């Protein structure tokens, strides 16, 4: 292992690169497992406060929308006493399995900056010195965007989805008795999807660097992106315009920021090419 780390990356064989990647993945996995063990021990907080938080009507998101509805004199389900559904377990190992997997996902979310740092350590030797010096900034920005997305998914997308899907009925004859795995999957999908979605500026940055994306392409497909975002917002939120706008606006802002980032990166790349052409 020590020999691999001191070796010049440009002289490493394919197997050496695989060995290096293996150790980065092992360290990342160990970090996730350690944090997951902590989450496993903190069962009451993870489930009662975090996971089942969006089921309680005193959740900040419901209180916020209730105050808005009250201000405008509108009757809203956000002001009700409780959501009309129960959460239950239908399998012998259901609750234990939910405990294990929720702890692992919590470990991944909390340890994300370290996992990102390990990934960057594997990639950075192949970069130029002037690109490598921005590693700390990259990890900070990427981690901040991820956690911002996680918070957005937890406080906006998850409660809106749970409130709508948990109260929806095709008939009064059908009661909503939600399985614990289904409820946790809804919260998890909202949080992880938004966390990854908020990495859009970082993804566009690297795609522009390698020449796969340009500002013109992003502008050309902006209308299509707008339609897709509105459709996704309509699917994951209650059927009202206000909720859809709340979800759609941050994504559209991120898309616009990505266009600006692509412009900046492309200008820098063109300047580098001109300098290289003049020097040669």
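Numbering (our numbering), first residue to last: 904 to 1183.
Ideal Cβ placement from N, Cα and C applies to all residues, glycine included.
Since this is a predicted model, take the numbers as computed values, not measurements.
Limits of the alpha helix (DSSP H) - the one that residue 1111 falls within: Taking the chain shown and counting its residues from 1, the one referred to as residue 1111 is at position 208. Element bounds for residue 1111: 1103–1112.
Which residues DSSP lists as bridging residue 964, in chain order: Counting from 1 along the chain shown, the entry for residue 964 is found at position 61. DSSP, once it has assigned bridges, lists no residue as partnering residue 964.
Residue 1122, buried or exposed, once every other Cβ within 10 Å from all chains shown has been counted against 16: As a first step, residue 1122 is located in the chain shown; it is residue number 219 there, counting from the start. Counting Cβ neighbours within 10 Å, residue 1122 comes out exposed, since fewer than 16 surround it.
Residue 934 burial status per 10 Å Cβ neighbour count (16 or more: buried): Position 31 of the chain shown, counting from 1, holds the residue named residue 934. Counting Cβ neighbours within 10 Å, residue 934 comes out buried, since at least 16 surround it.
Spatial distance of residue 1065 from residue 1181 (CA atoms): In the chain shown, counting from the first residue as 1, residue 1065 sits at position 162. In the chain shown, counting from the first residue as 1, residue 1181 sits at position 278. Using only the alpha carbons, I get a separation of about 60 Å.
Segments assigned alpha helix (DSSP H), at least 4 residues, entirely inside the region 1014–1069: 1015–1026, 1032–1035 and 1038–1055
Cα-Cα separation between residue 1026 and residue 1072, rounded to whole angstroms: On the chain shown, residue 1026 is found 123 positions in, with the first residue counted as 1. On the chain shown, residue 1072 is found 169 positions in, with the first residue counted as 1. When only Cα atoms are considered, residue 1026 and residue 1072 end up about 50 Å apart.
Backbone secondary structure at residue 1171 - three-state DSSP: The residue labelled residue 1171 in the question sits at position 268 within the chain shown. Three-state result, residue 1171: helix.
Local Cβ density within 10 Å of residue 937, reported as buried at 16 or more and exposed below that: Here residue 937 is taken as the residue at index 34 of the chain shown, counted from 1. Exposed, since its Cβ has fewer than 16 Cβ neighbours within 10 Å.
Minimum Cβ-Cβ distance from residue 1099 to chain B less than 8 Å: In the structure shown, chain B does not exist; there is a single protein chain.
As assigned by DSSP and simplified to three states, the class of residue 1076: Numbered from 1 along the chain shown, position 173 holds the residue referred to as residue 1076. It is coil, neither helix nor strand.
Nearest-angstrom Cβ-Cβ length linking residue 991 and residue 1087, presumed shorter than 8 Å: Your numbering for residue 991 matches position 88 in the chain shown. Your numbering for residue 1087 matches position 184 in the chain shown. For a cut-off of 8 Å, the C-beta gap from residue 991 to residue 1087 is around 13 Å, too long to register as a contact.
Spatial neighbours of residue 921 in its chain, beta-carbon cut-off 7 Å, leaving aside the 5 residues before and after: Your numbering for residue 921 matches position 18 in the chain shown. So the list is empty, once near-sequence residues are dropped.
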